[in-house]
Every structure is written in C-alpha cells, then in structure tokens.
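J.:
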Ligand SMILES: Cc1cc2nc3c(=O)[nH]c(=O)nc-3n(C[C@H](O)[C@H](O)[C@H](O)COP(=O)(O)OP(=O)(O)OC[C@H]3O[C@@H](n4cnc5c(N)ncnc54)[C@H](O)[C@@H]3O)c2cc1C
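Residue numbers (this note's numbering): 44 to 221.
Right, here's the structure in full:
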C-alpha cells in the first residue's frame, strides 16, 4: 500500500444555505462535497491528477493545504452549488491534509490468513462509505460464519495475479477514485 496526500478545504456557506445536506459526488467537476457543521462545506478532490503525491515515507507529511487546492475548491463549489459565489467572499473556514492508504487498484484488501487473522485495509480514500458492509463481512469471518455476501474479488492475490478491480463504468478523469 502507498500513502497519498489528500487536501481538504472547508468553505463558508452563505447565510441562505445552512444546515445539513447529502454528500455530493460531482464527477463532472471532479470534487465531492459534504456539510461541515451548520455553515461549512467540506470540499475534496476527485481528480486523480491531484492525488499523485505518493509519499514513500508518510511520517511527518505536510498537513497544510496549497493555494491551488483552495482556489480549485472554491471554483468547483461555485460550479455545483448556487450561492457559493457569495460563499467565496466569506472565505475558507479551515484546511488540512490527510493520507489515503492506497492499493494499486484503489480498492480495499479484504482477506483472511488462516482462521484467526482477518484483514480489512487499504481503503484508498473511501473506507467510510464501505464500513457498514465491510464490518458485517469481517464480523462474520471473525465468528467463523459463512460470508454473508461474496467478497472474493477483494483478496490480496489479485495484485500478483493481475486481476485488479476495475469499474464497469469508469469516470475517466477520476480514474481509480470512483
Ligand atoms: C482527508 C480524507 C478524506 C476522506 N474522506 C472520505 C469520504 O468522504 N468518504 C469515505 O468513505 N472515506 C473517506 N476517507 C477515507 C477513510 O477515512 C478511510 O478509508 C478509513 O478511515 C480507513 O479506515 P481504517 O480503519 O482502515 O483505517 P484508519 O481509520 O486509519 O484506522 C487505523 C487505526 O489504527 C491505528 N493504528 C495504526 N498503527 C497502529 C499500531 N501499530 N497499533 C495500534 N493502532 C494502530 C490508527 O491510529 C488508527 O486509529 C477520507 C480519508 C482522508 C484522509
């Protein structure tokens, strides 16, 4: 697995746009958005080109966010949400960077080694959304029960055997990200 740095920008929303809203994945403008508190909008990039900063040594990585990421976030938010042009004036609430732990096909490894070691790692920046089903599958493994559904495509040997997981309907610029 390889760590990749992901930059997040939380923008101020206008007064007319408070409260929660559903997560939005915008594969036209290559960004995703979600509510941050009552007045913020978390903006992350879905552009594979923005996530090419692979870090062989993740310790002490740069947790700040660059000016380009901030201006991209503002532009993408204003393209997708009415009123975020106004929000642009309000500015940036906070920024930070985190690490995605990526596998070669940007999908997790779900596998068992013997009857007692069960591994769920390498979520490649989308582990939260998968957590409910992964939890169910790995809990069954830990209890020695049959898999509740087929997770065999996620096994580790897929890389050595050159069977990476690929979407049937890929978004070209997002590449492995979706
Ligand atoms: C900036 C950012 C934005 C993201 N946005 C989204 C999103 O919108 N949607 C989504 O689905 N996913 C998102 N993700 C991905 C999601 O956060 C991860 O896929 C998920 O947290 C991975 O879960 P995990 O349990 O595998 O690993 P982690 O959450 O990293 O948990 C591993 C735990 O192990 C602990 N640990 C490490 N080493 C040791 C050790 N030696 N001994 C004991 N404990 C140890 C760590 O402290 C940590 O608590 C995002 C990630 C980042 C960085």
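C-beta: ideal position from N, C-alpha, C; glycine also.
The structure displayed is predicted, hence computed values, not measured ones.
1. Alpha carbon to alpha carbon, how far is residue 136 from residue 100?
2. If you follow the beta strand (DSSP E) that residue 142 is part of, which residue opens it and which one closes it?
3. Nearest-angstrom Cα distance between residue 183 and residue 129?
4. Is it the case that the CB of residue 164 approaches a heavy atom of ligand 1 more closely than 7 Å?
5. Using a threshold of 7 Å, is the CB atom of residue 171 nearer than that to any non-hydrogen atom of ligand 1?
6. Under the criterion of a Cβ to heavy atom distance below 7 Å, does residue 152 qualify as lining ligand 1?
7. Taking a contact to mean a Cβ-Cβ separation below 8 Å, would you say residue 68 touches residue 89 in this structure?
8. Tell me the DSSP secondary structure of residue 66 in three-state form.
9. With DSSP collapsed to three states, give me the class of residue 200.
10. Compute the distance between the beta-carbons of residue 174 and residue 192, then report whether it is under 8 Å.
11. Could you tell me which residues DSSP pairs with residue 84 in its beta bridges?
12. Helix, strand or coil: how does DSSP classify residue 211 here?
13. Do residue 116 and residue 54 have their beta-carbon atoms positioned less than 8 Å apart in this structure?
T.: Here's the rundown:
1. 29 Å
2. 135 to 145
3. 49 Å
4. yes
5. yes
6. no
7. Closer than 8 Å, so yes.
8. coil
9. Note: residue 200 maps to helix in three-state DSSP.
10. no
11. 54 and 78
12. coil
13. yes
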